[in-house]
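Quick note, the numbering used here runs 16 ahead of the 1-based positions in the sequence shown.
Yeah, the Cβ is synthetic: ideal placement off N, Cα and C, and Gly gets one too.
Reviewing the structure listed below.
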Amino acid sequence: MGPLTIDDGRDGYVTFVECHQHRLLRAAYLVCGNRHQAEDLLQEALLKLALRWGSVRHGDPAAYVRTILYRDAVSWWRRRRREWLAAYPPERATAEGDGELRLALHDALGHLPPRQRAVLVLRYFEDLTEAATAEALGVPVGTVKVHHPNGSAPTHSRQYR
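Structural data, given as structure tokens:
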């Protein structure tokens with residue numbers, strides 16, 4: 017999809033939410049692993065965006081929301097410590113063979129610490145660069161590089177067990 021032209025004011029905010037909410041909800045789910053928590057995280061992030069829309073709308077509102085999502089998700093995980101529910105990510109229809117892969121991915125992400133999970137989701141599901149991932153998480157690029165190999169190693173090792 018090409019660049020989105022966002023109007024000023026309420027209409028621009030509504031247009032932004034309509035165009036980005038599915039992708040942002042999926043990203044929130046992949047980070048926290050719980051559909052209801054993902055919806056809550058996204059709702060809180062979009063509320064924060066609405067309150068700052070006047071100053072954020074001319075920049076990159078999606079990056080602003082992603083930053084809020086991942087920081088809030090990491091904070092939530094620090095408080096709750098891995099309360100996983102057996103839920104499935106909100107997705108578009110896929111081939112039946114993808115179900116096993118989705119479950120394996122869900123399981124692998126569930127075994128990672130929150131920061132590593134956030135790095136993998138941002139890098140591979142959101143296709144962000146290391147620099148953009150670092151900015152979204154509010155950490156140096158070196159931290160992203162350190163968490164990246166550690167975050168992906170359990171995924172690979174579990175595959176061959």
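* To do: Throw me the rounded Cβ distance for the residue 81 and residue 134 pair, which I believe falls under 8 angstroms.
  => Not a contact, Cβ separation roughly 14 angstroms.
* Where does residue 156 land, buried or exposed, given buried means 16+ other C-beta within 10 angstroms? -> That one is exposed.
* Asked: Hey, quick one: how far does the alpha helix (DSSP H) through residue 141 stretch, first residue to last?
  -> Per DSSP, residue 141 belongs to no alpha helix (DSSP H) and is neither H nor E.
* Taking all protein chains shown into account, decide if residue 76 is buried (16 or more other Cβ within 10 angstroms of its Cβ) or exposed. => By the 16-neighbour rule on beta-carbons within 10 angstroms, residue 76 is exposed.
* Can you have a look at residue 88 and say buried or exposed, based on whether 16 or more other CB atoms are within 10 angstroms of its CB? => Buried: at least 16 other Cβ atoms inside 10 Å.
* Asked: alpha helix (DSSP H) containing residue 39: first to last residue?
  -> In the DSSP annotation of this structure, the continuous segment of the alpha helix (DSSP H) that includes residue 39 starts and ends at 25-48.
* **Nearest-angstrom Cα separation, counted from residue 57 out to residue 39** => Straight-line spacing of the CA atoms in residue 39 and residue 57 works out to 13 angstroms.
* Could you spell out the range, first to last residue, of the alpha helix (DSSP H) harbouring residue 52? => It spans 51-72 - the alpha helix (DSSP H) in which residue 52 sits, taken as one unbroken run.
* To do: Measure from the alpha carbon of residue 44 to the alpha carbon of each residue in 162, 26 and 61, then state which is nearest.
  => Ranking 162, 26 and 61 by Cα distance to residue 44 puts 61 first.
* Out of 29, 85 and 146, point me to the one whose CA is closest to residue 53's CA. => Measuring from the Cα of residue 53, the nearest candidate turns out to be 85.
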